[in-house]
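Numbering (my numbering), first residue to last: 22 to 744.
Just below is one structure, and these are the notes that go with it.
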Ligand SMILES: [Zn+2]
């Protein structure tokens, strides 16, 4: 008894002593600043397979800097990541006539050439390509790109792009810049963002900042505005030292894109974020040491933040179709951004999620939390110059949001909500758009069901491989059901889904998939493109995407393909008689009367029995003296796009004449046509077509308040002769 009591007291004292030593160590062991490599301990091992294309010299993995030699290995080791790069001896085939590589090409190469087995006991794996030249979806040259290689861990860099940009002005810095790009893209794959960059005491930005933050225009050339620094920010080192593996390492459950975040003001933000010794208090240091000692993760990948009340830098709006989209339809939305700040912002043509500036978020209606839409590639643009949006200026872009790296965004019929969010730095969100409701419907007719059937997997769910194939513009070759899809397009081309799928096929015929075994890309099949696109104007989103797709290659295409192309603005807002674009459904100062006038097939005038209602409305409107009335004509999808645009315009003008006759000043009324691009119902049934042949009335908001508003939409339908 006595012995065991002594033993207990002894162990208690021993335990207390151990605790005391531990706390003393945590508190008083000399603190080294955490940008110093010696303070980090190794936590992860990363294997990188590096494949270079034939004819492209691989990047230098070690360089000499004024502060001594630096290498990819030493830089990552300073954060506690052990790096094992293995360069494949076999060079990838590439034929220069295939043109620059984009994300679909890189994806193809990754699937074919990623073949080295990592040594045992590595924690993560990345496939890296050294490519001759890479471009974004719009064809802009890129220094680097992060792309989906099916396991979400591919990067590509274009060292020759660095040479082209700097060979005249900064030849000595090129190796350092090439290595910098490589490590920078690796950091993205490890969940680090531009917002993690800081300015070090000597004024230089750490590796997380994009290269474009270090350059400035010098006449026709680019110069470096500072010597590139090959160092991680203390925040990144701390993150590597304290975060759980799933938040750091690529592959498996990690989703690097969710942590990658661009910003409209990221270069300035990085400079305003000065290096600080965050471990200045002994307690903070002790806490971190103890947590690390016991293996408790204390850092996490950044989660999206909620909106703040700060004055927005940018006015953001999103627009989608009001009609329920058919299930599996390639939904594309319009994003507009107006610069409300006093200075130019680098956001023009960067409004799709792939640029990391604007995030599209979605949720099932009624849910509380927003989910980010994650693109399959993240672009690293070479410079900001062409992207500057002047104060007061507006820019717009149409984004496909139906498939991302977590699969189909709208996987089943129902009501969803979407919004756009633009960030300027990590603590504040600078703009949040309006919320738009997106409805998705199950097919109505047999033809629609049959078209959908081709996109389902064995379990009857939307097939993820087909979604991926569609979002890559049909330019990845892994899908053996391609002939089926081509057949569906032939067979069901009068359905909205079948017609929409033609755009994918046209995109593939325009820029066929590169063969990753030979590096050759077949020539475009322009007659097939013409046949597929002929009369492809299914909805505003697709009409706008068609414009983007063709304009990217406009210089190589015959004028006949691009001549009558609708601009994205015309695709969404409609056409006026004189061609001047005018905002319709996108104008927040206009509201729609809950009354529409419908037409018989091919009719350009209002049926006689509808005149009385139209005249009555016109007289009511005349009394309220509206500042602005917009009459928007619509058609069904029978007949060609061009004829339908004209038909819609004639219908709007027919109503315009009745309004003018009732005494409304003609200069206050505008007639616009959206043709078949904004259906009330996507279905090809007779009932849906009758609903779609209509004129809608948009009116200045303040005037609309004075008008009686019925609870239900009143559709004034004619008696049409049956066929
Ligand atoms: Zn970057």
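Virtual Cβ for every residue (Gly too), placed ideally from N, Cα, C.
So, at 6 angstroms on beta carbons, what are the nonlocal neighbours of residue 196 in its own chain, with the 5 sequence-adjacent residues on each side left out?
Correct list, in chain order: 81 and 84.
Is the closest heavy atom of ligand 1 to the C-beta of residue 401 under 6 angstroms?
Yes, ligand 1 has a heavy atom inside 6 angstroms of this Cβ.
Out of 144, 114 and 71, point me to the one whose CA is closest to residue 108's CA.
It is 71 whose Cα lies nearest to the Cα of residue 108.
Element boundaries [beta strand (DSSP E), containing residue 360]
353 to 360
Taking C-alpha atoms, which residue in 209, 713 and 421 lies nearest to residue 623?
713
Tell me whether the segment 435 to 445 and the segment 366 to 379 touch, counting them as touching only if at least three CB pairs, one residue from each stretch, are closer than 8 angstroms.
Output reads yes: the segment 366 to 379 touches the segment 435 to 445.
Assuming contact is defined by CB atoms lying nearer than 7 angstroms, are residue 631 and residue 737 in contact in what I supplied?
yes
Euclidean distance between Cα positions of residue 27 and residue 42:
22 angstroms
Nearest neighbour of residue 182, chosen from 198, 248 and 167 [CA to CA]
198
Give the secondary structure of residue 90 by DSSP, where H, G and I count as helix, E and B as strand, and everything else as coil.
strand
beta-carbon residue 231 near ligand 1 non-hydrogen atom, thresh 6 angstroms:
yes
Runs of alpha helix (DSSP H) wholly within the segment 633 to 670 (minimum 4 residues, chain order):
none
Inside the segment 93 to 176 only - alpha helix (DSSP H) runs reaching at least 4 residues
93 to 98 and 124 to 134
So, helix, strand or coil for residue 387, using DSSP?
Coil.
Residue interval of the beta strand (DSSP E) (run including residue 237)
236 to 239
Could you say which of 352, 233 and 251 lies nearest to residue 245 if we only look at CA atoms?
233
Which one or two residues does DSSP pair with residue 72 in a beta bridge?
150
Whole angstroms are fine: how far does the CA of residue 602 sit from the CA of residue 686?
21 angstroms
Pair every Cβ in the segment 692 to 712 with every Cβ in the segment 458 to 476, then say whether three or more of these pairs are closer than 8 angstroms.
The segment 692 to 712, when compared against the segment 458 to 476, does touch it at the 8 angstroms Cβ threshold.
Report all residues from its chain with a CB closer than 8 angstroms to the CB of residue 610; omit the five preceding and five following residues, and keep chain order.
These residues qualify, in order along the chain: 721 and 722.
Would you give the residue range spanned by the alpha helix (DSSP H) that residue 472 belongs to?
Note, residue 472: alpha helix (DSSP H), 467 to 474.
Local Cβ density within 10 Å of residue 30, reported as buried at 16 or more and exposed below that:
Burial is judged here by how many other beta carbons sit within 10 angstroms of a residue's own beta carbon; residue 30 has fewer than 16 and is exposed.
Neighbour-count burial assignment, residue 482, 16 or more Cβ in a 10 Å radius:
exposed
Residue(s) in a DSSP beta bridge with residue 693:
597 and 653
Name the residue from 666, 636 and 719 whose alpha carbon lies nearest to the alpha carbon of residue 681.
636
Among 140, 177, 143 and 145, which has the Cα closest to the Cα of residue 126?
It is 177 whose Cα lies nearest to the Cα of residue 126.
Just the Cα atoms here: how many angstroms apart are residue 573 and residue 170?
24 angstroms
Start and end residues, beta strand (DSSP E) containing residue 293
No beta strand (DSSP E) contains residue 293, which is instead part of the alpha helix (DSSP H) from 287 to 293.
DSSP beta-bridge partners for residue 415?
Beta-bridge pairing links residue 415 to 359.
Where does residue 539 land, buried or exposed, given buried means 16+ other C-beta within 10 angstroms?
exposed
Quickly, what does DSSP pair residue 66 with across the bridge? List them, please.
Among the bridge pairs identified by DSSP, residue 66 is matched with 103.
Alpha carbon to alpha carbon, how far is residue 710 from residue 694?
16 angstroms
Quick one: residues in its chain with C-beta nearer than 7 angstroms to the C-beta of residue 689, no 5 flanking neighbours on either side, listed in chain order?
647, 648, 649 and 650
Measuring alpha carbon to alpha carbon, tell me which of 421, 248 and 202 ends up nearest residue 223.
248
Neighbour-count burial assignment, residue 617, 16 or more Cβ in a 10 Å radius:
buried
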